[in-house]
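Heads up, the thing below is written out as structure tokens.
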Amino acid sequence: MAAPLSDGEKRKQISVRGIAGLGDVAEVRKSFNRHLHFTLVKDRNVATPRDYFFALAHTVRDHLVGRWIRTQQHYYERDPKRIYYLSLEFYMGRTLQNTMVNLGLQNACDEAIYQLGLDLEELEEIEEDAGLGNGGLGRLAACFLDSMATLGLAAYGYGIRYEFGIFNQKIVDGWQVEEADDWLRYGNPWEKARPEYMLPVHFYGRVEHNPEGVKWVDTQVVLAMPYDTPVPGYKNNTVNTMRLWSAKAPNDFNLQEFNVGDYIEAVLDRNLAENISRVLYPNDNFFEGKELRLKQEYFVVAATLQDIIRRFKSSKFGCRDPVRTSFETFPDKVAIQLNDTHPALSIPELMRILVDVEKVDWDKAWEITKRTCAYTNHTVLPEALERWPVSMFEKLLPRHLEIIYALNQMHLDRVAALYPGDVDRLRRMSVIEEGDCKRINMAHLCVIGSHAVNGVARIHSDIVKHSVFKDFYELEPEKFQNKTNGITPRRWLLLCNPGLADVIAEKIGEGFVTDLSQLKKLLDFIDNKMFIRDVAKVKQENKLKFSAYLEEQYKVKINPSSMFDVQVKRIHEYKRQLLNCLHAITLYNRIRSDPSKSFVPRTIMIGGKAAPGYHMAKMIIKLITSIGEVINNDPYVGDKLKVIFLENYRVSLAEKVIPAADLSQQISTAGTEASGTGNMKFMLNGALTIGTMDGANVEMAEEAGEENLFIFGMRVEDVEALDRKGYNALEYYERLPELRQAIDQISSGFFSPGDPGCFRDVVNMLMHHDRFKVFADYEAYIKCQGQVDQLFMDPWEWTKKVIRNIACSGKFSSDRTITESEAFPSGVERCSEEEPCLRTRSWGKRRKAPRLPPRPQPARACSETATDQSSATAPRLTRDLQLTPALPLHVAWPPCPTTGFRQPRESCVSSRGCASPRVQGRRGCCLPSQPPPNPRRPGAGG
């Protein structure tokens with residue numbers, strides 16, 4: 005006899021939360037067939053899986069369009085302060101599933117696709133990652149866009165539409181090989197070109213000073229074509245815009261070549277102009293002053309500022325004729341956030357427009373510029389800070405060089421007045437660095453041209469104030485702030501870990517999705533046996549799923565009961581993947597020395613890309629793969645230890661590995677990692693952290709309690725003390741036998757028998773030139789890993805610590821970062837309205853379609869498509885767009901005579917029994933025959 009069901013299990017059986025409405029499913033299915041037929045011009049007999057993906061993407065996009073247009077109309081009507089987030093990187097990843105989650109469509113789409121005999125997960129896997137970023141900086145920008153839309157802020161992301169994103173990584177014989185990421189090869193269903201807003205961007209030329217003012221003449225012009233991508237908030241009707249610029253050559257480019265008859269050469273030369281948006285520069289945290297990169301930085305800034313000023317001048321209803329002529333209120337209506345120094349040219353460019361074009365007084369223009377711009381610093385590594393040669397500026401942007409010189413003179417005059425006779429301070433604080441090659445320090449330019457400067461974790465902000473910008477902090481301490489980074493819980497919990505989201509929602513409700521601090525309520529359930537089992541079960545399911553993925557993709561079998569020990573991030577010396585390698589070798593040597601001894605089975609996974617020109621990072625990848633080759637094929641080791649390099653780490657792969665991880669490695673040298681956001685993602689998804697007191701680890705330890713993380717190694721003050729004393733790697737090598745054995749194995753060719761000298765450079769760096777002091781933390785790291793093993797053998801206590809970490813991760817939401825940020829003060833109003841018709845949970849387990857569904861007969865396929873289309877003629881489509889209950893409620897529908905609600909019948913609580921007559925044969929009881937008049941409303945492109 006079956007055991008009686010608990011109350012909770014009974015509630016689960018009869019719960020209807022998250023079940024898609026039949027009408028929604030039918031509508032999705034009909035729209036899918038319509039797009040397959042009319043948009044892709046295919047039927048089910050010839051359609052490919054990619055066609056099915058595009059049909060689904062267009063179906064989901066249909067639900068965005070009405071909201072998108074109405075959101076922009078709303079902004080023009082309300083005229084709120086607008087936020088402009090300028091970044092050369094937006095690491096968006098895939099869009100389909102994120103959009104379905106935020107619109108509450110996932111269950112309806114899942115059911116509709118299942119009924120069509122397809123598999124939603126398989127269609128999602130077809131989508132290309134939008135890899136327009138290198139790592140944390142670009143992914144942070146993407147999280148911020150999601151948060152600003154969810155918070156209902158009038159916000160815009162501006163960047164470059166790179167034709168080729170971050171390269172695809174292949175591992176060939178253990179070495180990284182780069183392949184171009186042609187992510188637009190099959191088209192992008194989410195973007196909309198806006199040629200009507202194309203703008204000119206000028207380069208080169210010369211400067212003329214006349215009595216009427218200054219003119220920049222004889223320039224070379226490149227056109228900036230905007231492509232808009234919708235960014236939906238979570239169930240709040242707000243859809244903001246990310247506008248990416250693509251470089252286009254003007255039709256009269258190189259006209260002289262045409263005139264002498266060299267038509268072919270002139271057309272080919274157009275590529276030179278369009279190269280500006282061709283490829284994303286890989287980030288190796290080492291600045292290289294390439295002219296194309298400077299062109300990219302000015303290109304995005306110049307186009308964006310023209311667009312911002314056009315929008316500022318425009319009337320409330322979107323008329324493109326200038327209305328505002330005074331710039332007095334510009335800082336009250338515009339906030340520009342500079343994501344690192346890449347958009348730093350916004351400062352001289354805004355000055356140029358205000359002074360040269362708009363004829364604003366210089367001092368007034370400078371005041372407006374400073375009040376408008378704010379700057380986020382992302383690195384403390386001196387070699388990563390941008391320093392452009394003055395000679396390059398003089399050739400490429402001559403007017404901007406003049407403006408920077410003038411601004412620097414004003415700044416130095418002020419410093420000299422406050423610190424008379426302190427010549428060394430003037431040298432340290434100058435924007436222009438003197439030397440054999442004069443350079444412009446872009447970080448200094450950002451500091452003097454912004455009203456706020458922030459670091460991205462408290463420890464990082466302290467280093468910024470007391471080290472990197474110490475002199476500037478002493479001059480203007482009120483300007484410097486901390487804004488600890490965050491992540492969006494929509495993508496990094498609901499989307500990637502729906503099982504855990506479900507378990508949490510069962511206990512505390514669904515409010516945590518938009519207020520992550522509510523996770524604190526989970527502290528009440530730390531000792532709840534049922535909750536502990538549920539959390540452990542979800543983790544094991546995620547591990548089994550990822551194990552199957554690894555076996556399919558990497559042809560390696562792993563033990564799903566082993567500890568999943570994960571370090572995924574860009575490959576760089578300061579992130580210390582080498583310390584992880586030394587631990588793997590140490591474990592291997594211990595197993596080999598006593599194979600019969602009991603060991604905690606462990607699967608070490610390391611992933612990340614090395615910048616193509618970064619030799620040491622590529623050597624680190626080769627070392628990891630070589631260690632894995634030896635360990636994974638050693639019969640004495642078996643399932644006790646595996647080392648796997650995760651090829652081509654990207655957003656979509658992170659969404660798979662993070663929910664499956666048991667241990668998160670955040671082991672950078674203290675004082676080198678600005679913040680890190682991967683650490684937050686792992687914490688939210690139930691992995692425990694082993695790490696140093698660096699970046700956001702410090703605040704994670706404060707929130708959860710240091711005893712609930714595995715903290716080891718030197719603090720910042722210890723690193724500084726060791727620098728003063730002098731770091732001697734040989735001392736640790738001679739004192740620690742296991743370390744010496746590992747280094748000797750690497751240098752002797754144990755892991756590279758075909759090329760014994762392969763890792764000579766790695767060993768030489770570790771022994772003689774290691775700025776990041778790997779050996780100094782080795783002993784503490786190995787000891788701490790022993791504590792990890794000990795706790796992992798007690799699943800009950802391990803899971804209790806996991807729950808405490810999840811409960812204390814609420815601080816690390818990007819929603820919180822946005823609400824704290826200086827660029828988004830109280831003057832920025834929220835423009836979203838709650839949507840009553842989307843109350844069901846929009847995540848959950850997927851239905852799997854039957855394999856190899858029978859294809860319909862040709863005649864039937866055509867007739868089905870025709871039937872779907874016959875009820876969806878163009879006027880009906882327009883009506884549906886206007887009448888959908890998911891449109892923003894600020895539209896002034898007349899009140900229902902029965903309920904008094906201003907909303908369409910479909911979302912009206914009495915829709916089934918409403919006595920109101922239909923209006924001109926339409927379905928709603930509350931709808932006028934035409935939407936209320938609203939002259940000159942802009943579309944989503946405004």
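With positions in the sequence shown counted from 1, the corresponding number in the working numbering is that position plus 4. Every residue, glycine too, gets a C-beta built ideally from N, C-alpha and C.
First and last residue of the beta strand (DSSP E) that includes residue i?
i	result
K646	645 to 650
N244	243 to 252
K219	217 to 221
H773	Run containing H773: none; DSSP gives neither H nor E here.
P230	224 to 236
S668	667 to 670
V359	Counting along the chain, V359 falls outside any beta strand (DSSP E), and DSSP gives it neither H nor E.
R443	443 to 445
Y162	159 to 164
P335	Here P335 belongs to no beta strand (DSSP E); instead the alpha helix (DSSP H) covers 334 to 337.
G459	456 to 459
E183	179 to 183
P204	203 to 207
R210	210 to 214
F754	Looking at the DSSP string, F754 is not in any beta strand (DSSP E), and its letter there is neither H nor E.
K174	172 to 176
My understanding is that residue i touches residue j, with C-beta atoms under 8 Å, so please give their C-beta distance in whole angstroms.
i	j	result
G954	D133	No answer is possible for residue 954: the residues shown for the chain start at 5 and end at 946.
L389	E353	With 8 Å as the limit, L389 and E353 do not qualify as a contact, their Cβ atoms being about 20 Å apart.
V29	Q173	39 Å between Cβ atoms; not a contact.
E212	V221	6 Å
G217	N106	Actually they are not in contact, since the Cβ atoms of G217 and N106 sit about 48 Å apart, beyond 8 Å.
M684	A700	6 Å
V560	N637	The pair is not a contact, with the Cβ atoms about 10 Å apart (cut-off 8 Å).
R429	D475	6 Å
Pick out whichever of the options has its Cα sitting closest to the Cα of residue i.
i	options	result
V435	N458, G459, V468, F473	F473
P84	H67, K337, A540	K337
D55	E31, L68, L127, C113	L127
T154	H587, G945, I822	I822
G612	H587, R574, K601, I635	R574
T383	T345, K374, D417, T373	T345
L411	V427, L449, E387	L449
K368	D360, E332, E295	E332
S35	T75, T103, R86, C113	C113
R33	D66, N49, V50	D66
G178	I117, Q789, E633	E633
V517	L248, R495, K804, I536	R495
N445	V394, T492, P639	V394
P564	E555, Q224, V641	E555
I130	I170, G140, N192, E167	N192
N732	K646, A691, H772	H772
V507	T488, K524, K541	K541
V702	Y302, D748, K442, H464	H464
L627	R537, N584, P639, R431	N584
Determine the extent of the alpha helix (DSSP H) in which residue i is found, giving its start and end residues.
i	result
S465	462 to 467
M414	402 to 422
L40	Taken as a continuous stretch (DSSP letters only), L40 belongs to no alpha helix (DSSP H), as it is neither H nor E.
N683	682 to 688
T373	366 to 376
K804	799 to 811
- Query: Does the count of Cβ pairs from the stretch 478 to 495 and the stretch 784 to 801 closer than 8 Å reach three?
  - Reply: Contact check between the stretch 478 to 495 and the stretch 784 to 801: fewer than three CB pairs, one atom from each, fall below 8 Å, which does not count as touching.
- Please confirm if the stretch 56 to 63 is in contact with the stretch 39 to 48, defined as three or more CB-CB distances below 8 Å between the two stretches. yes
- Message: Check whether the stretch 131 to 151 and the stretch 80 to 98 touch, using three or more Cβ-Cβ pairs below 8 Å as the test.
- Response: Counting Cβ pairs under 8 Å, three or more are found: they touch.
- Task: Take every Cβ of the stretch 375 to 387, pair it with every Cβ of the stretch 445 to 456, and state whether three or more of those distances are shorter than 8 Å.
- Result: yes
- Item | Complete alpha helix (DSSP H) runs within the stretch 566 to 641 (minimum length 4 residues, chain order) | 581 to 597, 619 to 636
- Item | Length at least 4, wholly inside the stretch 474 to 521: the alpha helix (DSSP H) runs in chain order | 474 to 479, 502 to 512
- Task: Could you say if the stretch 486 to 500 and the stretch 659 to 667 meet the contact criterion of at least three C-beta pairs nearer than 8 Å?
- Result: yes
- Task: Tell me, please, whether the stretch 619 to 634 touches the stretch 796 to 815 by the rule of three or more beta-carbon pairs shorter than 8 Å.
- Result: Proximity of the stretch 619 to 634 to the stretch 796 to 815 falls short of the contact definition, fewer than three beta-carbon pairs being nearer than 8 Å.
- Which parts of the stretch 691 to 734 are runs of the beta strand (DSSP E), unbroken and 3 residues or longer, counting only runs that do not cross its ends? 692 to 695
- Query: Are the stretch 674 to 691 and the stretch 717 to 732 touching by the rule of at least three beta carbon pairs closer than 8 Å?
  - Reply: yes
- Are three or more beta carbon pairs between the stretch 595 to 612 and the stretch 747 to 766 nearer than 8 Å? Output reads no: the stretch 747 to 766 does not touch the stretch 595 to 612.
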